[in-house]
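Those protein sequence lines, which keep their order, are chains C and A.
Quick note: to get our numbering, add 23 to the position in the first sequence (first position is 1).
Quick note: to get our numbering, add 23 to the position in the second sequence (first position is 1).
Down below is the structure, laid out as structure tokens.
2 protein chains.
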Amino acid sequence: MPELRKDIVKDAWVIIATEQALNPHDFPINKNGVHIGGSSLSCPFCAGNEALTTPEIAAVRNNNSRPNTPGWTVRVVSSKYSAFKLEGELSINDSEFYSTCNGLGQQEVIIGSPEHEVEFHNLPVDRIELVYRMLQQRYRALSADSRVKYIQIYKNKGLFAGASQEHSHTQLLALPMPPDNQQGLLTYFEQKKQCLLCVLMESEREENKRLVFESEYFFLFCPFASRFSYETWIIPKRHTEHFAEITEPEIKDLALTIKKFFNVMITLLNDPAYNIVINTAPVNVPYKEGHHWWLEINPRFLVRNGLEISSGYYINPVAPELAAALLREKINKE
Amino acid sequence: MPELRKDIVKDAWVIIATEQALNPHDFPINKNGVHIGGSSLSCPFCAGNEALTTPEIAAVRNNNSRPNTPGWTVRVVSSKYSAFKLEGELSINDSEFYSTCNGLGQQEVIIGSPEHEVEFHNLPVDRIELVYRMLQQRYRALSADSRVKYIQIYKNKGLFAGASQEHSHTQLLALPMPPDNQQGLLTYFEQKKQCLLCVLMESEREENKRLVFESEYFFLFCPFASRFSYETWIIPKRHTEHFAEITEPEIKDLALTIKKFFNVMITLLNDPAYNIVINTAPVNVPYKEGHHWWLEINPRFLVRNGLEISSGYYINPVAPELAAALLREKINKE
Chain C
24 MPELRKDIVK
34 DAWVIIATEQ
44 ALNPHDFPIN
54 KNGVHIGGSS
64 LSCPFCAGNE
74 ALTTPEIAAV
84 RNNNSRPNTP
94 GWTVRVVSSK
104 YSAFKLEGEL
114 SINDSEFYST
124 CNGLGQQEVI
134 IGSPEHEVEF
144 HNLPVDRIEL
154 VYRMLQQRYR
164 ALSADSRVKY
174 IQIYKNKGLF
184 AGASQEHSHT
194 QLLALPMPPD
204 NQQGLLTYFE
214 QKKQCLLCVL
224 MESEREENKR
234 LVFESEYFFL
244 FCPFASRFSY
254 ETWIIPKRHT
264 EHFAEITEPE
274 IKDLALTIKK
284 FFNVMITLLN
294 DPAYNIVINT
304 APVNVPYKEG
314 HHWWLEINPR
324 FLVRNGLEIS
334 SGYYINPVAP
344 ELAAALLREK
354 INKE
Chain A
24 MPELRKDIVK
34 DAWVIIATEQ
44 ALNPHDFPIN
54 KNGVHIGGSS
64 LSCPFCAGNE
74 ALTTPEIAAV
84 RNNNSRPNTP
94 GWTVRVVSSK
104 YSAFKLEGEL
114 SINDSEFYST
124 CNGLGQQEVI
134 IGSPEHEVEF
144 HNLPVDRIEL
154 VYRMLQQRYR
164 ALSADSRVKY
174 IQIYKNKGLF
184 AGASQEHSHT
194 QLLALPMPPD
204 NQQGLLTYFE
214 QKKQCLLCVL
224 MESEREENKR
234 LVFESEYFFL
244 FCPFASRFSY
254 ETWIIPKRHT
264 EHFAEITEPE
274 IKDLALTIKK
284 FFNVMITLLN
294 DPAYNIVINT
304 APVNVPYKEG
314 HHWWLEINPR
324 FLVRNGLEIS
334 SGYYINPVAP
344 ELAAALLREK
354 INKE
């Protein structure tokens, strides 16, 4: 099992594989680039290679196909390289200098297409819908286990987004403790008795400087303190705390909106690496008001440098006002 | 001037270039890799190309050479691409959702070698000394300006460490506010009336699981919650808050120790990208006890992925105990 360890100086958590170590020469990155795994012949995520993955957890399949065989459109397996296990009890240890938490959790891979070459942003809208419906299903299943405290959904596309497999996929990690990165939502609610994101959407709509697009159910804008150039947040207009609360009409609208955004972004930004991540409320913890889930699409143009890793600051060479203006202009012509 | 902007949700600061925007097609990263600037012909950091940089701020030179001409061993110029300026007054603005701070500061480049091909880790020990002596000199000069609150020293070596120039160099950024990443030192002192790093060195020496090496004046170990595989901290044994307090014998020992460490690390880890960063006490702020400066050498094998950017956690596939064992074994044979 990996261990979550706390850095006492920087007050930051690190997930560390304590029982294994990559051989220094086996890292996926070398001086010239990252080795991204998998031609379609040996790719564990391709139809026909189902035996190369762990057993199927869930899938969207043809009626007459059997699990762990071809015939699927979306397939979920547990991550082969993850050391997280949903076994035993949570164990938190604090000593004078060292805090740890055992790697109680589950890491799953949601393969959104049986074909090797099809990128997520090139999927038809109804196939994007299937992925988000599956994520909702897995979110619900995992949050039923009271040992799970947070479910992080994320996608790495490309070398500079941290991808280690070429075949498009989304990941989900059920964690034994919620990350401490949405404190602003709770503080704002405590002080104002209002949801920060709900109020922020109103303000951004009025100011109209960073707004990119509004669909029926979603609000797209480049946040004021964008960490990444062209970073875009997609917020449900309806106040909902958990991603799993998304409704069927909202899923359809989200898929359509994401597709529309990607049609613009991929061309405008010259097919960049990107992450899609979902921020949501923690599960199985004492209730605190103020959460509101949202999705981020973060293009990745720069590698985090020494200034950023030491100061903790991000550096972004593109003002979000300029990014939003460019994206807005194009998306309104779509 | 760039702007420091605060993310109200995540409580994180971002340095944003508000008055300029990279053209989407001009980013240094494309799908296949990062374009690292500069052959030795057009490289602004090479001897003979002094006219391609901003005017020289300081240098170590032959007695009979003039500024901005060849004849130097170490040369300091202000960064051509930085928008930080040490002009005017600090301006901090807080509105309901948005906090900003103007980019009052100075970014300098310390070129440690006139030759294009010589990496920092290949410099002879006496040339490494010159670099740290120059950093001390620039640290002192910049901290004399009361508008400067923190001086971040950092080096990016290679593509995956965020370097944008091939020719080896170290950077220094004088900032208008100290980063909030050493809170653990202050909290520990408040509670225990002892310096955390001083006590931690004793404990790590006794435990002897993550210790890499001890020189006369410095203590090298892989920290318990290492964010990067083979991350190594080099701490002065003498309790000193600011890097600028380093003495002449300590500079000599630091250069020797860094050289010794790199002799092992570069071979063991297959010539990786790396950052060298210095953490130090803030300057020109009300005094708080508990700071102790230290230097980090962080090899960079992985690109930060979606899980890491969303949760804020780092992921490290090599336990620091295993990293330290490997490094210790080799360094003791040096």
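Here a beta-carbon is modelled for each residue, glycine too, at the ideal position from N, C-alpha and C.
- Task: Indicate whether Leu330(C) and Tyr177(A) have their beta-carbon atoms separated by less than 8 Å.
- Result: In the first sequence, counting from the first residue as 1, residue 330(C) sits at position 307. In the second sequence, counting from the first residue as 1, residue 177(A) sits at position 154. Yes, the Cβ-Cβ distance between Leu330(C) and Tyr177(A) is below 8 Å.
- Assigned secondary structure, Glu110(A) (DSSP; H/G/I helix, E/B strand, else coil): Within the second sequence, residue 110(A) is the residue found at index 87, counting from 1. Reduced to three states, the DSSP call for Glu110(A) is coil.
- Thinking Ile257(C) and Phe241(C) are a contact (beta carbons under 8 Å), I'd like their distance in whole angstroms, please. In the first sequence, residue 257(C) corresponds to position 234, counting from 1. In the first sequence, residue 241(C) corresponds to position 218, counting from 1. Correct: roughly 5 Å between the Cβ atoms.
- Query: So the alpha helix (DSSP H) Arg163(C) belongs to, where does it begin and stop?
  - Reply: As a position in the first sequence, residue 163(C) is number 140, starting the count at 1. Annotation for Arg163(C): the continuous alpha helix (DSSP H) segment containing it runs 148-166.
- Item | Within 8 Å, strictly: CB atoms of Val99(A) and Ser249(C) | Within the second sequence, residue 99(A) is the residue found at index 76, counting from 1. Within the first sequence, residue 249(C) is the residue found at index 226, counting from 1. Going by C-beta atoms, Val99(A) is not nearer than 8 Å to Ser249(C).
- Would you tell me roughly how many angstroms separate the C-alpha atoms of Asn87(A) and Arg150(A), rounded to the nearest one? Here residue 87(A) is taken as the residue at index 64 of the second sequence, counted from 1. Here residue 150(A) is taken as the residue at index 127 of the second sequence, counted from 1. Going by the C-alpha atoms only, they are around 20 Å apart.
- Item | CB contact flag (Ile31(C), Phe120(C), <8 Å) | Translated into the one-based positions of the first sequence, residue 31(C) becomes position 8. Translated into the one-based positions of the first sequence, residue 120(C) becomes position 97. Yes. Within cutoff.
- Message: So if I threshold CB-CB distances at 9 Å, which residues from the stretch 238-255 of chain A count as touching chain C?
- Response: Within the stretch 238-255 of chain A, the residues whose Cβ lies closer than 9 Å to any Cβ of chain C are, in chain order, Pro246, Phe247, Ala248, Ser249, Arg250, Phe251, Ser252, Tyr253.
- Message: Mapping the DSSP letters down to three states, classify Pro259(A) as helix, strand or coil.
- Response: The count along the second sequence starts at 1 and reaches residue 259(A) at position 236. Collapsing the DSSP output to three states places Pro259(A) in a strand.
- Query: Which residues in the same chain have their Cβ closer than 7 Å to the Cβ of Val83(A), if we skip the five residues on either side of it in sequence?
  - Reply: Position 60 of the second sequence, counted from the start, is the residue given in the question as residue 83(A). Contacts found: Trp95, Thr96, Val97, Leu153, Met157.
- How many angstroms separate the CA atom of Ser114(A) from the CA atom of Pro322(C)? As a working note, residue 114(A) is residue 91 in the second sequence. As a working note, residue 322(C) is residue 299 in the first sequence. In a straight line, the C-alpha of Ser114(A) is about 30 Å away from that of Pro322(C).
- Message: Please report the distance separating the alpha-carbon of Asn55(C) from that of Phe183(A).
- Response: Here residue 55(C) corresponds to residue number 32 of the first sequence, with the count starting at 1. Here residue 183(A) corresponds to residue number 160 of the second sequence, with the count starting at 1. With a pLDDT of only 46 at Asn55(C), under 50, the local geometry of the prediction cannot be trusted, and the value read off the model is given with reservation. Looking at the two C-alpha atoms, the distance is approximately 9 Å.
- Buried or exposed: which applies to Lys33(C), given that a residue is buried once 16 or more other Cβ atoms fall within 10 Å of its Cβ? In the first sequence, counting from the first residue as 1, residue 33(C) sits at position 10. Lys33(C) comes out buried.
- Minimum length 3: unbroken beta strand (DSSP E) runs contained in the stretch 59-86 of chain A: With a minimum length of 3 residues, the continuous beta strand (DSSP E) runs that stay inside the stretch 59-86 of chain A are 79-84.
- Could you work out which residues of chain C lie near Asp30(A), taking near to mean beta carbons separated by less than 8 Å? In the second sequence, residue 30(A) corresponds to position 7, counting from 1. Ordered by position in chain C, the residues that pass the 8 Å Cβ test against Asp30(A) are Gly207, Pro246, Phe247, Ala248, Arg250.
- Query: So what's Ala296(A) in DSSP terms, helix, strand or just coil?
  - Reply: The residue labelled residue 296(A) in the question sits at position 273 within the second sequence. Looking at Ala296(A) - three-state DSSP - the assignment turns out to be strand.
- Does the Cβ of Asn355(C) have 16 or more other Cβ atoms within 10 Å, making it buried, or fewer, making it exposed? Sequence index remark: in the first sequence, residue 355(C) carries index 332 (1-based). The residue in question, Asn355(C), is exposed, as its Cβ has fewer than 16 Cβ neighbours within 10 Å.
- Item | chain A residues whose Cβ lies nearer than 7 Å to that of Tyr16(C) | An answer regarding residue 16(C) cannot be provided, because it is not within the stretch 24 to 357 covered by chain C.
- Query: Is Ala347(A) closer than 8 Å to Phe244(A) when the C-beta atoms are compared?
  - Reply: Counted from its first residue, the second sequence places residue 244(A) at position 221. Counted from its first residue, the second sequence places residue 347(A) at position 324. Contact: yes.
- Message: With a threshold of 8 Å, are at least 3 pairs of Cβ atoms found where one atom belongs to the stretch 305-315 of chain C and the other to the stretch 209-229 of chain C?
- Response: Here the stretch 305-315 of chain C lies against the stretch 209-229 of chain C, with 3 or more beta-carbon pairs under 8 Å apart.
- Closest Cβ-Cβ distance between Lys54(C) and chain A: below 8 Å? Translated into the one-based positions of the first sequence, residue 54(C) becomes position 31. Low per-residue confidence applies at Lys54(C): pLDDT is 46, beneath 50, and the placement is therefore not dependable, though the value from the model is reported in the following sentence. It does: the Cβ of Lys54(C) has a partner Cβ on chain A nearer than 8 Å.
- Item | Where Arg351(A) sits in the DSSP three-state scheme | Position 328 of the second sequence, counting from 1, holds the residue named residue 351(A). Reduced to three states, the DSSP call for Arg351(A) is helix.
- Task: Within its chain, find whatever has a CB closer than 7 Å to the CB of Pro201(A); leave out the 5 residues flanking it on each side and keep chain order.
- Result: Translated into positions along the second sequence, residue 201(A) becomes position 178. Excluding sequence neighbours, Pro201(A) sits near Lys172, Tyr173, Pro305, Val308.
- Query: For the putative contact between Gln130(A) and Leu196(A), defined by C-beta atoms under 8 Å, what is the C-beta separation to the nearest angstrom?
  - Reply: The sequence position of residue 130(A) within the second sequence is 107, counting from 1. The sequence position of residue 196(A) within the second sequence is 173, counting from 1. Their Cβ separation, rounded to whole angstroms, is 5 Å, which keeps Gln130(A) and Leu196(A) in contact under 8 Å.
- For Cys124(A), the residue or residues it bridges with in DSSP: Walking along the second sequence from the start, residue 124(A) turns up at place 101. The beta-bridge partner set that DSSP reports for Cys124(A) consists of Leu27(A), Ile115(A).
- Item | Residue range of the alpha helix (DSSP H) that includes Tyr211(A) | Here residue 211(A) refers to the residue found at position 188 when the second sequence is read from its first residue. Looking at the DSSP string, the run of the alpha helix (DSSP H) that includes Tyr211(A) is 206-215.
- Message: Is Asn125(C) close to chain A? Criterion is C-beta to C-beta, closer than 8 Å.
- Response: Reading the first sequence from its first residue, position 102 is the one you call residue 125(C). So no, Asn125(C) is outside the interface.
- Would a C-beta distance cut-off of 8 Å place Leu234(C) and Met288(C) closer than the cut-off? By one-based count along the first sequence, residue 234(C) stands at place 211. By one-based count along the first sequence, residue 288(C) stands at place 265. For the 8 Å CB-CB criterion, Leu234(C) and Met288(C) do not form a contact.
- Query: How many Å lie between Asn179(C) and Ile269(A) at the Cα?
  - Reply: As a working mapping, residue 179(C) is identified with position 156 in the first sequence. As a working mapping, residue 269(A) is identified with position 246 in the second sequence. When only Cα atoms are considered, Asn179(C) and Ile269(A) end up about 43 Å apart.
- Task: Consider the Cβ of Asp34(A): report whether some Cβ of chain C lies at a distance smaller than 8 Å.
- Result: Looking up residue 34(A) in the second sequence gives position 11. Yes, because at least one Cβ of chain C sits closer than 8 Å to the Cβ of Asp34(A).
- Assign Asn125(C) to buried or exposed, taking buried as 16 or more other Cβ atoms, counted over all protein chains shown, within 10 Å of its Cβ. Taking the first residue of the first sequence as 1, we reach residue 125(C) at position 102. Buried.
- Query: Cβ of Arg278(C) within 8 Å of Cβ of Tyr162(C)?
  - Reply: Locating residue 278(C) in the first sequence gives position 255, counting from the first residue. Locating residue 162(C) in the first sequence gives position 139, counting from the first residue. Residue identity check: residue 278(C) is Ala in the sequence provided, not Arg. Contact: no.
- Look at Phe251(C) and Asn339(C) and say whether their C-beta atoms are less than 8 Å apart. For the purposes of this step, residue 251(C) is taken as residue 228 along the first sequence, with counting starting at 1. For the purposes of this step, residue 339(C) is taken as residue 316 along the first sequence, with counting starting at 1. Yes; because the gap between Cβ atoms is below 8 Å, this pair is in contact.
- Query: What did DSSP end up calling Val32(C) once you bin it into helix, strand or coil?
  - Reply: Within the first sequence, the letter at position 9 stands for residue 32(C). Here Val32(C) sits in coil by DSSP.
- Message: To the nearest angstrom, how far is the alpha carbon of Lys275(C) from that of Glu112(C)?
- Response: As a position in the first sequence, residue 275(C) is number 252, starting the count at 1. As a position in the first sequence, residue 112(C) is number 89, starting the count at 1. Looking at the two C-alpha atoms, the distance is approximately 38 Å.
- Task: Mark Ser191(C) as exposed unless 16 or more other C-beta atoms lie within 10 angstroms of its C-beta, in which case mark it buried.
- Result: Reading the first sequence from its first residue, position 168 is the one you call residue 191(C). Burial call: buried.
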